[in-house]
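Trainee: Structure in structure tokens, see below.
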Amino acid sequence: TRKVQSHPPTYVSNTVKADRNLFEAHEQKQMAAANSQIPALCDEAIRVATFNVHYFKDLHAKNSNLNGIMTDVKAMDATVVIMEEVVNSGSEKNQLDSDMKAAGYGHQAEGYGSGAWLGNVIYSKLPLSNIKVTQLGSARCLVQATIGTGAEAITLYGTHLEVKGGQTRLKQAQQITGTMDLKGRSLLTGDMNAHEHTPPIQEFKSKLSEAFSALSWPQATYTCWAGTTIDFMFLSHALKGDLLGVYVYHT
């Protein structure tokens, strides 16, 4: 069912600056109503989620949040979860892999930028093939994998662009669009560390369809604690006609 989500307003303004405590209080008031508008996943659909897991730490980067991550994963009920800021090794990474497998995500593809301790992981309930990792420089990468076969196959791409330096992000975006199969059934998602009208996002939009725009639905008001939208999902023109909905799950 195509159900449009009503996005809560951001808490930042000309007089209110980004603050983690203010964001936490705002989300506690907004997230139940926002999340209740996300429809259940039907048998015929595939749901893909992007999720920055903040190196397994809570909003304030103090305590482990593995239990919270799994609670959110189960609530989102996605077929595929593409995570950013996944720690590359250690007991918590092992626990996440184990918990995701127990939750039905028996297939994974992961990639880490050269020298990076954080990376991107595709966890999937469906088999993955054609796994590939492309280095983007600045300790960033693009991980890709295909679900399905034949005419129904979809190539998934997950990334997390550089946090500092707009020109670096633009070059990474250009490398990604140069790497992707733009004529096939492709989906790109991740934390782009860039706002809608900046050059990296415009690069993606010049060659792909942004998910909310593809449905002519209202854009997300924010996707991160800073009260802005930096997480996006883009579809190739061959895939956008299959899009049923796009939502922001609040945590």
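In our numbering, the protein residues as written are 106 to 356. Glycine is no exception: its CB is placed at the ideal position from the N, C-alpha and C atoms.
(1) For the beta strand (DSSP E) holding Asp-296, just list the boundary residues, first then last.
(2) Using a Cβ-Cβ cut-off of 6 Å (strictly less than) and excluding sequence neighbours within five positions of Trp-222, which residues of its own chain qualify?
(3) In its own chain, which residues sit with a C-beta less than 7 Å from the C-beta of His-342, not counting the 5 before and 5 after it?
(4) Go to Val-178, then tell me how far its alpha helix (DSSP H) extends in each direction, as first and last residue.
(5) Among Ile-151, Gln-277, Pro-323, Gln-240, which has the Cα closest to the Cα of Glu-308?
(6) Shortest alpha-carbon distance to Leu-340 belongs to which of Ser-321, Gly-289, Ala-137, Ala-139?
(7) By Cβ distance, which residues of its chain are closer than 7 Å to Leu-348, with the 5 residues on each side in sequence left out?
(8) Which residue's Cα is closest to the Cα of Ala-150: Asn-235, Ala-325, Val-185, Ser-111?
(9) Assuming Thr-260 contacts Asp-286 (C-beta within less than 8 Å), just tell me the rounded distance between them.
(10) Pick out whichever of Gln-279, Gly-346, Cys-329 has its Cα sitting closest to the Cα of Phe-156.
(11) Is the region 264-281 in contact with the region 231-248, if contact means three or more CB pairs nearer than 8 Å?
(12) Which residues bound the beta strand (DSSP E) around Phe-156?
(13) So, with DSSP's three-state summary, where would you put Ile-143?
(14) Counting along the chain, where does the alpha helix (DSSP H) carrying Asn-199 start and finish?
(15) In this structure, how does DSSP classify Asp-347 when only helix, strand and coil are distinguished?
(16) For a test of the three-state rule: what should DSSP assign to Thr-356, helix, strand or coil?
(17) Can you tell which of Met-205, Ser-219, Gly-220, Cys-246 has its C-alpha closest to the C-alpha of Leu-231?
(18) Please go through the same chain and pick out, in chain order, the residues whose beta-carbon is closer than 8 Å to the beta-carbon of Asp-202, but skip the five residues on each side of it.
(19) How many Å lie between Asn-126 and Tyr-116 at the Cα?
(20) Please report the straight-line C-alpha distance between Met-175 and Tyr-210, rounded to a whole angstrom.
(21) Quick one, which of Pro-323, Lys-269, Ala-154, Asn-172 has its alpha-carbon nearest Ile-227's?
(22) Classify Val-121 as buried or exposed, calling it buried when 16 or more other Cβ atoms lie within 10 Å of its own Cβ.
(23) Work out the CA separation of Tyr-354 and Met-181 for me, nearest whole Å.
(24) Compute the distance between the beta-carbons of Lys-179 and Ala-208, then report whether it is under 8 Å.
(25) Tell me where the alpha helix (DSSP H) around Leu-275 begins and ends.
Mentor: On the basis of the coordinates in this document:
(1) One-based indexing of the sequence shown puts residue 296 at position 191. Its beta strand (DSSP E) spans residues 291-296.
(2) Position 117 of the sequence shown, counted from the start, is the residue given in the question as residue 222. Within the same chain, Trp-222 has close Cβ partners Asn-193.
(3) Walking along the sequence shown from the start, residue 342 turns up at place 237. Counting only Cβ-Cβ distances below 7 Å, and skipping sequence neighbours, we find Ser-314.
(4) Reading the sequence shown from its first residue, position 73 is the one you call residue 178. 171-181 is the span of the alpha helix (DSSP H), which, as asked, contains Val-178.
(5) Mapped onto the sequence shown, residue 308 falls at position 203. Checking every option, the nearest Cα to that of Glu-308 belongs to Gln-277.
(6) Here residue 340 is taken as the residue at index 235 of the sequence shown, counted from 1. Looking at the Cα atoms, Gly-289 is the closest of the given residues.
(7) Residue mapping note: residue 348 aligns to position 243 of the sequence shown, counting from 1. Only Ala-316, Ala-319, Leu-320, Leu-340 meet the Cβ criterion.
(8) Your numbering for residue 150 matches position 45 in the sequence shown. For the residues Asn-235, Ala-325, Val-185, Ser-111, the minimum Cα distance to Ala-150 belongs to Val-185.
(9) Numbered from 1 along the sequence shown, position 155 holds the residue referred to as residue 260. Numbered from 1 along the sequence shown, position 181 holds the residue referred to as residue 286. Indeed they touch by this definition, with Cβ atoms about 6 Å apart.
(10) Walking along the sequence shown from the start, residue 156 turns up at place 51. The shortest Cα separation from Phe-156 among Gln-279, Gly-346, Cys-329 belongs to Cys-329.
(11) yes
(12) Counting from 1 along the sequence shown, the entry for residue 156 is found at position 51. Note, Phe-156: beta strand (DSSP E), 153-157.
(13) To locate residue 143, count along the sequence shown from 1; it is residue 38. Three-state result, Ile-143: coil.
(14) If you number the sequence shown from 1, residue 199 lands on position 94. Taken as a continuous stretch (DSSP letters only), the alpha helix (DSSP H) holding Asn-199 covers 196-207.
(15) Position 242 of the sequence shown holds residue 347. Asp-347 falls in the helix class under three-state DSSP.
(16) Numbered from its first residue, the sequence shown carries residue 356 at position 251. Thr-356: coil per DSSP, three-state reduction.
(17) Here residue 231 refers to the residue found at position 126 of the sequence shown. Considering only alpha carbons, the answer is Met-205.
(18) Mapped onto the sequence shown, residue 202 falls at position 97. Excluding sequence neighbours, Asp-202 sits near Gln-213.
(19) Here residue 126 corresponds to residue number 21 of the sequence shown, with the count starting at 1. Here residue 116 corresponds to residue number 11 of the sequence shown, with the count starting at 1. In a straight line, the C-alpha of Asn-126 is about 11 Å away from that of Tyr-116.
(20) As a position in the sequence shown, residue 175 is number 70, starting the count at 1. As a position in the sequence shown, residue 210 is number 105, starting the count at 1. About 12 Å.
(21) By one-based count along the sequence shown, residue 227 stands at place 122. Among Pro-323, Lys-269, Ala-154, Asn-172, the Cα nearest to that of Ile-227 is on Ala-154.
(22) The residue given as residue 121 occupies position 16 in the sequence shown. Answer is exposed; the Cβ neighbour count stays below 16.
(23) Position 76 of the sequence shown holds residue 181. Position 249 of the sequence shown holds residue 354. Going from the Cα of Met-181 to the Cα of Tyr-354 covers about 7 Å.
(24) Taking the sequence shown and counting its residues from 1, the one referred to as residue 179 is at position 74. Taking the sequence shown and counting its residues from 1, the one referred to as residue 208 is at position 103. Cβ distance < 8 Å, so Lys-179 and Ala-208 count as in contact.
(25) Residue 275 sits at position 170 when you count from the first residue of the sequence shown. Taken as a continuous stretch (DSSP letters only), the alpha helix (DSSP H) holding Leu-275 covers 271-284.
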